[in-house]
Amino acid sequence: METNQSLKKKMAARHITMIALGGAIGAGLFKGSSSAIAAAGPSVLIAYFIGGIVLYFVMKSLEKLVLSSKEPHGLSGLVQPYLGNHTADFTDWVYWSMWMINIIAEAVAAASFLQIWFANVPTWFFVLIIALLTSLINLFSVALFAETEYWLAFIKISVVILLIIFGVFLVAKQIFD
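Numbering (numbering that gives the first Met the number 0), first residue to last: 0 to 176.
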């Protein structure tokens with residue numbers, strides 16, 4: 000069995016951790032949460048909490064499947080022994096489709112936020128620029144991708160923390176006034 004000696008690991012644990020956290024917090028989350036909270040109020044947070052608990056148990060189940068298998072494989076490799084080749088192929092296509100739709104949705108959501116500051120620039124232009132930048136960053140090197148994702152995730156997490164602190168401040172101010 001030949002091994003490719005030119006491949007090197009360029010992502011540190013900090014990159015992987017922040018990419019995982021930042022991946023859960025996309026521009027679409029901010030966009031979707033604002034309209035959901037405006038329509039249903041704070042009860043949306045309870046729905047997010049319940050959804051998070053369900054997702055936690057799904058991920059723990061996936062962890063058990065991964066750890067019980069002796070060979071490395073992707074998501075379809077977990078599905079194939081239990082549900083067959085066709086379902087594994089379908090899983091791959093659904094996974095690919097999900098990421099394509101997610102990338103487009105994130106670009107549109109990010110462009111809509113940029114539209115607030117640059118109202119005269121059409122949204123499609125921002126989507127195009129975001130798509131090109133994302134593609135270029137992914138094509139150059141893993142190290143550039145990892146650092147970019149790390150800092151973008153850091154910004155997103157910081158904004159969420161600041162929004163929570165600001166929300167607590169506003170609630171406390173109203174309670175004590």
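Glycine residues also receive a C-beta, built at the ideal position from the N, C-alpha and C atoms.
query: If you measure between the beta carbons of residue 156 and residue 17, is that distance less than 9 Å?; result: yes
query: With residue 93 and residue 86 assumed to form a contact (beta carbons below 8 Å), what rounded beta-carbon distance in angstroms separates them?; result: Not really, about 10 Å apart at Cβ, beyond 8 Å.
query: With a threshold of 8 Å (Cβ to nearest heavy atom), would residue 106 be considered close to the ligand ZN?; result: With respect to the ligand ZN, the structure offers nothing, as it holds no ligand at all.
query: Does DSSP put residue 24 in a helix, a strand or coil?; result: coil
query: What does a CB cutoff of less than 7 Å around residue 152 pick up in its chain, not counting 5 residues either side in sequence?; result: 17, 18, 20, 21
query: Does residue 126 pass the burial test, meaning 16 or more other C-beta atoms within 10 Å, or should it be called exposed?; result: buried
query: Does the Cβ of residue 109 have 16 or more other Cβ atoms within 10 Å, making it buried, or fewer, making it exposed?; result: buried
query: Specify the secondary structure class of residue 10 as computed by DSSP and reduced to three states.; result: coil
query: Is residue 70 helix, strand or coil by DSSP?; result: coil
query: Kindly give me the distance between the Cβ atoms of residue 14 and residue 105, rounded to whole angstroms, as I take these residues to be in contact under 8 Å.; result: Contact flag wrong, Cβ pair sits at about 19 Å.
query: Does the distance from the CB of residue 165 to the CB of residue 112 come in under 9 Å?; result: no
query: In the DSSP assignment, find the unbroken alpha helix (DSSP H) run with residue 125 in it and report its ends.; result: 122–139
query: Roughly how many angstroms lie between the CA atoms of residue 25 and residue 81, to the nearest whole one?; result: 32 Å
query: Alpha carbon to alpha carbon, how far is residue 138 from residue 40?; result: 42 Å
query: Would you kindly work out how many angstroms separate the C-alpha atoms of residue 163 and residue 170, rounded to a whole number?; result: 11 Å
query: For the alpha helix (DSSP H) containing residue 87, name the first residue and the last one.; result: 84–116
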